[in-house]
Amino acid sequence: MTADHNTDLKFSSPYTPNTENDRAEMLKAIGVNTVDDLFEDIPTSYLNPELEIPDAISEMELVKEMEALANLNAVPGEYSSFIGSGAYRHFIPSIVNRLAFRSEFMTCYTPYQPEVSQGTLQAHFEFQSMVCQLTGMDVANSGMYDGSTALSEATLMACRVTKKNAINVTHSVSPHYREVLKTFLEAPGIKIESGKDEDISPNESHACLIVQQPNYFGYFEDLTKLSDEIHNVGGLLIVVTDPISLGMYKPPADYGADIVVAEGQSLGISPSFGGPYVGLFACKQEYIRQMPGRIVGRTKDTNGDTGYVLTLQTREQHIRRDRATSNICTSVGLIALMATIYMISQGKQGLKHIANLCYQKAHYAASKINEIDGYTVNTDKPFFREFVVSCPIQPSEINKRLLNKKIIGGIDVSSQSKNGMLICVTETNSRDEIDLLVTALREIRAVN
196 MTADHNTDLK FSSPYTPNTE NDRAEMLKAI GVNTVDDLFE DIPTSYLNPE LEIPDAISEM
256 ELVKEMEALA NLNAVPGEYS SFIGSGAYRH FIPSIVNRLA FRSEFMTCYT PYQPEVSQGT
316 LQAHFEFQSM VCQLTGMDVA NSGMYDGSTA LSEATLMACR VTKKNAINVT HSVSPHYREV
376 LKTFLEAPGI KIESGKDEDI SPNESHACLI VQQPNYFGYF EDLTKLSDEI HNVGGLLIVV
436 TDPISLGMYK PPADYGADIV VAEGQSLGIS PSFGGPYVGL FACKQEYIRQ MPGRIVGRTK
496 DTNGDTGYVL TLQTREQHIR RDRATSNICT SVGLIALMAT IYMISQGKQG LKHIANLCYQ
556 KAHYAASKIN EIDGYTVNTD KPFFREFVVS CPIQPSEINK RLLNKKIIGG IDVSSQSKNG
616 MLICVTETNS RDEIDLLVTA LREIRAVN
């Protein structure tokens, strides 16, 4: 018996299931003769540019070439790193990747089918529970794209809740977050007002006040007064926090936060040149129906057994489309799972221990740097693992010289603080590394 092949079916490409007859019919329907007619408005130089691409090479040659490029990087481990500013190098226990990269979990697929996704859904539920424990808030979602988008979505949420069209943000909030926020709020026309912490004065037009604790420069502020001021004019307090710091500092709920967001990268996720990360998002119970992102709930099935499902889905884009609370699509569940495994493996005492190590090592570094002539650290304000050093010369020049000694220096924040360098110290920095940094800074000062 032979197969019946239709010889009239001529496909233009082995990867495109359209026959020539199909293509002709579609072109006729839209009123053109050829596919090229669809692109006639595009200049030829742009349509078919000459690409200066070298000839193909073998896989072995490609691997060697990529390894040579990778070896040009200044990699923490080979270098002592004191850079932070939103992406932090913390020790990642082997159990995190060991479990997260199992085939049962390793997917970005959103578990819309609870009957085949109980393990993933339970992990998401535990993630939400731990975010609530960290922040002191009532409810949390199962993750946003990252900290900056979590903040932007929180701001949109505050505007929906209060029905106001202006916000107030302090200058001590990360400039990177403020840039993303500006992009988010431009289209809906939401007005952004900002100022120094001491100059901030919320009024009745403001949907929310955004603060960061610890702030971008690593310092803690007393937010009680600002919390009272924004609440007195009918606005919400949005707090950008650091999850590791919550191992030893009081949660944002204790000083009146209505919405809490954070970058979850420090919870067992590699800096990875900026992502993928996971944004933490928690709020008061009364605002849950305005909260963006996915929420996993725990329930009982018909047999009385515990089950986990996506709940309150009418808020989401796959049901409400343009009226959804957010347009978050790709799930960050895998990254949230890694954060979940990290938090479970550390426990409350483990997280407190890590936070304390960061605190002690950062304060040791600050005190030693403060002893060097020409360098000044403001130790009057409480700080966690980051602090600003006022340097005798431009931080960019200092960083060049530090690299020659295999030390990655801090972020140049001269635009906010004269000759300011933002130094970050975590539990991964040994005392020897800190002493080497101090010695290098002293030597740089000596030749200037």
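In this note's numbering, the protein residues as written are 196 to 643.
Using N, Cα and C, we set each Cβ at its ideal position, and we do this for glycine too.
Taken through DSSP and simplified to helix, strand or coil, Leu-316 comes out as helix.
For Ile-618, the closest C-alpha among the options Phe-412, Ala-349, Asn-363 is that of Phe-412.
For Asn-594, there is no enclosing beta strand (DSSP E); the enclosing alpha helix (DSSP H) covers residues 590-599. Of all C-beta pairs linking the region 465-478 to the region 574-584, fewer than three are shorter than 8 Å, placing the two stretches out of contact.
Closest option to Ile-454, judged by alpha-carbon separation, among His-371, Gln-408, Ile-395, Ala-318: Gln-408. Bounds of the beta strand (DSSP E) holding Leu-432 are 431-436. Secondary-structure assignment with DSSP links Ala-335 through a beta bridge to Ala-477. Under the DSSP assignment, Met-616 falls in the beta strand (DSSP E) whose first and last residues are 615-619.
For Lys-386, the secondary structure class from DSSP, reduced to helix, strand or coil, is strand. The beta-carbon distance between Cys-403 and Ile-425, rounded to whole angstroms, is 7 Å. This is short enough to meet the 8 Å contact definition. In the structure shown, Ser-276 adopts extended strand secondary structure according to DSSP, grouped into three states. By the criterion of at least three beta-carbon pairs nearer than 8 Å, the region 277-293 is in contact with the region 526-544.
With a 10 Å radius around the Cβ and a threshold of 16 neighbouring Cβ atoms, Ile-514 comes out exposed.
Judged by DSSP in its simplified three-state form, Glu-381 adopts helix.
As the crow flies, the alpha-carbon of His-366 is around 53 Å from that of Thr-497. Using a Cβ distance threshold of 7 Å, Leu-431 and Ser-422 do not count as a contacting pair. Between the alpha carbons of Thr-571 and Val-583 lies a distance of about 8 Å.
Taking a C-beta distance under 7 Å as the contact criterion, Ile-490 and Leu-507 qualify as a contact pair. In this structure the region 597-607 does not touch the region 253-265; the number of beta carbon pairs closer than 8 Å is below three.
The Cβ atoms of Leu-418 and Tyr-450 sit closer than 7 Å to each other. If the five residues before and after Ser-612 are omitted, its C-beta is found closer than 6 Å to the C-beta atoms of Val-583, all from its own chain and listed in chain order.
Secondary structure note for Val-356: its alpha helix (DSSP H) is the uninterrupted segment 342-357. Under the criterion of beta carbons closer than 8 Å, Tyr-482 and Val-356 qualify as touching, at roughly 6 Å.
Under the criterion of beta carbons closer than 8 Å, Ile-593 and Met-616 qualify as touching, at roughly 7 Å. Out of Val-375, Val-434, Gln-313, Pro-438, the CA that lies nearest to the CA of Ile-549 is found in Pro-438.
In this structure, Ile-362 sits away from Ile-395, with a CB-CB distance that is not shorter than 7 Å.
Taken through DSSP and simplified to helix, strand or coil, Asn-624 comes out as coil. Pro-487 and Thr-520 do touch by the CB rule: their CB atoms are close to 4 Å apart, below 8 Å. Listed as beta-bridge partners of Phe-578 by DSSP are Tyr-414. Collapsing the DSSP output to three states places Arg-284 in coil.
Of the residues assessed, Gly-459 falls on the buried side of the cut-off, its CB having 16 or more other CB atoms within 10 angstroms. Ala-457 sits in a strand when the DSSP states are folded into three classes. When C-alpha distances from Glu-511 are compared across Pro-212, Tyr-307, Asn-643, the shortest belongs to Tyr-307. Measuring C-alpha to C-alpha distances from Gln-323 to each of Ile-539, Ile-567, Arg-596, Tyr-414 identifies Ile-539 as the nearest.
Here Met-301 is exposed: its Cβ has fewer than 16 other Cβ atoms, across all protein chains shown, within 10 Å. When the Cα atoms are used, Phe-234 and Lys-359 turn out to be separated by approximately 45 Å.
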